[in-house]
Amino acid sequence: MKLIGKAETAIRTLAVVGAMAMGGAALAQGYPDRPIELVVTFGPGGGADTMGRQMAKLLEEPLGVSVPVSNVAGASGNAGLTHLRTNAADGYTIGTLISLTVASWASGLGDNKPEDFRVIAVVQSSPSFLFVPANSPHQTGEDLLAYAKANPGELTVATSGYGTQDDVTLKLLGATGAEMENVPFQAPAERYASPIGGHTDAIYEEPGDVAQFIQAGQLKPLMVFDSERHPEFPDVPTSAELGVDISGLDNFRSIAVPAGTPDDVVAKLEEAVSGALATEDWQAFCKQTYSCIEPVTGEEAQQMIRGFRETIASQLDS
């Protein structure tokens, strides 16, 4: 008997939904069976790039496929995330999602948002510091802030861009009278070199990204933006100790996929990332970059992204 009208439409819809579900299950069962692209959302040489390449190398064994890295830089990481978001949600494109990009969303940069992505795991986190070149006339945090207050806008600070937590921190410092000029650099290597070469007076950065310059005695940390002193830099005061209480703006980095990626695929990726984080290679890497944390996964990771965006938005509104 031939079905017509609503009954026929309903049967066809159920058939399509069933086929899609079976297709998703088949995808997850055979996943992965070809290379997985890892999109690094910043240029070569920076912290996100270093993390992404280390993670890609360590993921190849548990996943059983190659994980080539593509750098898609621009717009504080939003160009790369748009590339990630607009690819098929099938687990064959993964990428870096880091806090300064989330901060840029609160500043109105780009059209990405937390619900566009599923976080596999937050794998690194570190508070940021203000560093000066070793030969700076400002050898303490007190000196730097006093000079900034007496000479508003004269001191220049290298940052990763406008709308990031770098920018927000400088705005918060400026609100206390310690006004400094934000000098953004798209290329990480240029940013790191700028204070050493005398192009800027200071740099806002987490210690892992400039570890080689700290160890070489070229950069000196003056203050850490955290609620307590960093265990690796016990002599460096917090901003609160210097009269400017700025914390909760840590730089974290995660691995993410587009929203809509099947649960089974996400589970396989999460298992592979967790395995990578447990390796001796990763443990040595995160210690070297002062960024070791307990990985954050699942809904807790999603909430971390949403909460950070809200934190930045509230700071911008205050």
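Here the sequence shown stands for residues -28 to -1, 1 to 290, numbered as in mature numbering (1 follows the signal peptide of the UniProt record, and there is no 0).
Glycine residues also receive a C-beta, built at the ideal position from the N, C-alpha and C atoms.
Residue pairing for Glu9: DSSP places it in a beta bridge opposite Thr65. The C-beta separation of Ile66 from Leu10 comes to about 5 Å, placing the pair in contact by the 8 Å criterion. Secondary structure at Lys192: strand, using DSSP grouped into helix, strand and coil. Beta-bridge partners of Ala174 (DSSP): Val129.
A contact is defined here as three or more CB-CB pairs under 8 Å, and the region 270 to 283 fails this definition with respect to the region 100 to 120. Taking 8 Å as the upper bound for CB-CB distance, Phe157 and Ala130 are in contact here, some 6 Å apart. Counting along the chain, Arg225 sits inside the beta strand (DSSP E) bounded by residues 223 to 230. The continuous stretches of alpha helix (DSSP H) do not include Leu102, which lies in the beta strand (DSSP E) extending over residues 101 to 105. In this structure, Leu72 keeps its C-beta atom at 8 Å or more from the C-beta atom of Asp21.
Glu282: member of the alpha helix (DSSP H) spanning 270 to 289, first to last residue. When DSSP reads this structure, Thr22 sits in no beta bridge, so it has no partner. Close CB contacts of Asp181 within its chain, under the 6 Å cut and outside five residues either way in sequence, are with Gly19 (chain order). Going by C-alpha positions, Ala120 is about 46 Å away from Val39.
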